[in-house]
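The next block holds one structure in the form of structure tokens; read it before the comments.
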Amino acid sequence: MARLMLKDVTVRLPVVTSFSQRSLFSAAARTATFGRLGRSSSGVGFVEPLTDISLDLRDGDRLALIGHNGAGKSTLLRTMASIVLPYSGEAVRDGELSLLFNLGTALEAEQSGRENLDFYARYLGLTKRERAQLIEDVAEFSELGAFLDMPVRTYSSGMLLRMLFGAATSSPRDILLVDEVISAGDARFVQKAKRRALQSFTHRNITVVASHAPEVLYELCNCAIRLERGLIVDRGDPRGVWERYIREKTETEQEKALAEAVEGVRENEPQIEG
Amino acid sequence: MTPAQIGLRDLVQGVFNIPLAMSLALRELRTRFSRTTLGPLWITVAQALWIAGIAFVFSEVFEQDVGNYLYFLASGLPVWTYISTIMTESPTTFISNKGAMEQFGAPWTVQVWKRLTVSALVFWQHMLIWLAALVLTRPPLSFDMLWAIPGLVILLATAWGVLLLLGVLGARFRDLQPALVAGMNFMFVLTPVFWDPEQLARDRPMVTHLNPFYHFLEIVRAPLLGRTVAPESWAFCIIAMIAIIVLGCVAFARARRNLFNWV
């Protein structure tokens with residue numbers, strides 16, 4: 008029985024910069040859409056990438072996180088994994104985690120896929136036999152073949168994704184959290200990933216996926232939320248949430264383009280006269 | 036759970052993950068020397084050359100018997116190298132393992148145990164030179180040399196605390212590491228590592244009694260040289276060990292909320 012519950016979770020991250028960097032940073036932070044920029048009483052600046060997030064995920068929930076860069080998707084995933092801890096509110100988790108947040112930073116580039124998988128399995132605390140099983144399973148899913156014995160620095164991002172997704176879904180864990188990386192997969196991978204996600208966790212799992220690829224979200228998820236500046240602005244089925252997101256995005260872009268066009272005409276006027 | 040509780044749970048789970056940390060340490064050493072012919076033996080070669088160089092020059096300068104001086108160096112330099120490495124590398128304990136901290140959901144203190152194991156393995160490689168010097172120069176052996184073992188245990192336990200404490204502080208204060216690198220070079224000359232405090236014409240408490248590194252050097256080296264460790268050194272090291280371990284655990288538990296953001 009897995010469960011993942013967030014109650015009024017607000018995340019604040021202190022921004023540590025040296026004095027000379029500070030003004031530069033605040034200028035950059037204002038232009039980036041990275042939540043709200045504030046200053047706590049201690050004088051250290053902070054950003055608030057998540058504000059009052061409430062979620063309740065249970066067995067069988069496969070949640071899609073939608074939103075543009077800096078909307079808080081990655082922070083939300085890291086809060087679910089207790090890597091980032093809430094400033095206020097409560098995050099309750101019942102179940103073991105399997106994470107896929109990046110491709111490769113924790114891998115040893117010189118070592119083969121097989122050796123890296125062995126360490127992946129060691130991190131999960133598996134016995135020697137279970138480790139061998141995991142490697143076999145991943146070899147079959149990833150279709151890496153002879154590449155599995157080559158150093159991982161020779162892998163493409165698609166190959167890394169196949170290997171790491173295979174490993175993350177092969178481990179007997181209840182909760183799977185996947186960040187943006189999944190967009191590196193092709194259509195065939197998405198199909199396989201769907202089949203695998205449905206197969207290996209039919210009754211006992213929670214999956215949370217952040218992605219910019221609608222086909223990934225439609226295939227893998229059965230519910231969705233959209234984040235905007237750290238707030239949940241939309242909930243529903245993945246297709247509906249995604250389509251509303253795209254519609255609003257194009258509308259704001261059209262408005263912007265229109266505004267710029269008008270601005271451009273005004274600026275050009277004197278030149279026409281001259 | 037509060038951040039502090041999560042931090043404390045991490046510390047406890049870290050202990051259960053020592054076997055994982057050990058295999059990670061072995062892997063790190065293997066990859067550090069991957070595609071080299073000598074492999075980890077380079078660690079021994081580097082230290083041996085250093086000791087040979089200092090022995091060659093300074094036995095003349097200090098007008099000492101080469102054999103005695105060589106044994107003195109081989110007993111002290113590896114201990115100093117160990118202390119110095121721990122001090123200069125501990126600020127990056129967490130910084131350099133960010134990927135592992137967010138990828139596996141394993142306790143973060145595994146990285147502390149990993150660093151400790153790597154440093155202990157490197158120290159063992161360095162002590163091979165001491166073993167060679169022992170065979171070459173044949174100093175008088177006695178059972179009192181075994182006092183080096185409790186000394187070593189205290190040294191390693193303190194190193195664990197330092198890795199944790201400075202690992203947290205080093206993630207927050209990026210000046211710490213370059214400051215320690217500068218400081219440890221200074222302390223190398225100040226601490227009686229390649230010269231014997233017994234050679235000093237008068238007592239200089241700055242380099243001995245008031246120098247914390249001197250005491251940690253002494254609890255391992257003095258027994259190897261057939262000398263008795265001063266009770267003051269034992270007392271200082273045991274108190275420092277407990278204080279640093281406690282401070283490290285408190286710092287980690289308190290910083291748990293922001294640690295990932297700092298690294």
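In order, the protein sequences belong to chains Z and U. Numbering-wise (the working numbering), the first sequence opens with residue 8 and increments by one. Numbering-wise (the working numbering), the second sequence opens with residue 36 and increments by one. Ideal Cβ positions, reconstructed from N, Cα and C, are used throughout, including at glycine.
Along the stretch 108-140 of chain U, what residues have a CB closer than 9 angstroms to any CB found in chain Z?
Asn132, Lys133, Gly134, Ala135, Met136, Glu137, Gln138, Phe139 and Gly140
Label leucine 31/Z either buried or exposed according to how many other C-beta atoms from any shown protein chain fall within 10 Å of its C-beta, with 16 as the threshold for buried.
Below a pLDDT of 50, predicted positions are generally treated as unreliable, and leucine 31/Z, at 48, falls in that range; the measurement from the model is reported next regardless. So leucine 31/Z ends up on the exposed side.
Would you list the residues sitting across from alanine 98/Z in a DSSP beta bridge?
Leu13/Z
Whole runs of the beta strand (DSSP E) within the stretch 132-172 of chain Z, excluding any shorter than 3 residues
none
Closest Cα partner of tryptophan 230/U within the set Gly134/U, Val92/U, Leu76/U and Thr79/U:
Val92/U
Interface flag, phenylalanine 287/U vs chain Z, CB-CB below 8 angstroms:
no
Kindly say whether serine 177/U, judged by its beta-carbon, lies nearer than 8 angstroms to any beta-carbon of chain Z.
no
Quick one: what does DSSP say alanine 71/Z is sitting in, helix, strand or coil?
strand
Using a cut-off of 9 angstroms between C-beta atoms, extract the partners of arginine 62/U located in chain Z.
Glu115, Gln118, Glu122 and Phe126
Using beta carbons (cut-off 8 angstroms, strictly below), is valine 188/Z in contact with chain U?
no
Looking at glycine 67/Z and valine 16/Z, is the spacing between their C-beta atoms short of 8 angstroms?
no
Comparing the C-beta of isoleucine 90/Z with each C-beta of chain U, is any distance below 8 angstroms?
yes
What do you reckon, are the CB atoms on threonine 144/U and leucine 215/U nearer than 8 angstroms?
no
Label methionine 8/Z either buried or exposed according to how many other C-beta atoms from any shown protein chain fall within 10 Å of its C-beta, with 16 as the threshold for buried.
exposed
List, in chain order, every chain Z residue whose beta-carbon is nearer than 7 angstroms to that of phenylalanine 68/U.
Here the premise fails: no neighbours, minimum Cβ distance about 11 angstroms.
From arginine 173/U to leucine 151/Z, what does the alpha carbon distance come to, in whole angstroms?
58 angstroms
Mapping DSSP to helix, strand and coil, what is isoleucine 232/Z?
strand
Might you give, ordered along the chain, the residues of its own chain that have their beta carbon closer than 7 angstroms to the beta carbon of glutamine 28/Z, omitting 5 neighbours on each side?
Low confidence applies to glutamine 28/Z: its pLDDT is 43, below 50, so where it sits in the model is not reliable, and the reading given next is rough at best. Hits under 7 angstroms: none found.
I need the straight-line Cα distance from leucine 141/Z to alanine 174/Z, nearest angstrom please.
7 angstroms
Proximal residues of chain U, C-beta to C-beta of threonine 112/Z below 9 angstroms:
Lys133, Gly134, Ala135, Glu137 and Gln138
Below 8 angstroms on C-beta distance, what does asparagine 109/Z contact in chain U?
Gly134, Glu137 and Gln138
Expected contact under 8 angstroms - CB spacing of leucine 234/Z and leucine 133/Z to nearest Å:
Contact doesn't hold; Cβ gap of about 34 angstroms is too wide.
Does any C-beta atom of chain Z lie closer than 8 angstroms to the C-beta of isoleucine 41/U?
yes
Contact set for lysine 133/U: own chain, Cβ-Cβ below 6 angstroms, skip 5 residues either direction
Val298
Chain Z contact for proline 213/U (CB, 8 angstroms cutoff):
no
Backbone secondary structure at arginine 207/U - three-state DSSP
helix
Those residues which DSSP pairs with aspartate 63/Z across a bridge
Met12/Z
Using 8 angstroms as the limit for Cβ to Cβ distance, is serine 58/U near chain Z?
yes
Return the first residue and the last residue of the alpha helix (DSSP H) that valine 101/U is part of.
101-124
In chain U, which residues lie with their C-beta within 8 angstroms of the C-beta of leucine 11/Z?
Ordered by position in chain U, no residue passes the 8 angstroms Cβ test against leucine 11/Z, which lies about 13 angstroms from the chain.
Would you grab the beta carbon distance between leucine 167/Z and glycine 111/Z for me? Rounded to a whole angstrom, and I think it's under 8 angstroms.
6 angstroms
Extent of the continuous alpha helix (DSSP H) to which leucine 110/Z belongs
From DSSP, leucine 110/Z is part of no alpha helix (DSSP H); its letter is neither H nor E.
Alpha-carbon spacing of methionine 87/Z relative to glutamate 233/U, whole angstroms:
60 angstroms
Bridge partner(s) assigned by DSSP for alanine 264/Z
Paired residue(s): none; alanine 264/Z is not in a bridge.
Whole-angstrom Cβ separation of isoleucine 130/U and leucine 108/U, contact assumed at under 8 angstroms?
With a Cβ gap of about 33 angstroms, isoleucine 130/U and leucine 108/U do not count as contacting.
DSSP state of aspartate 45/U mapped onto helix, strand, coil:
helix
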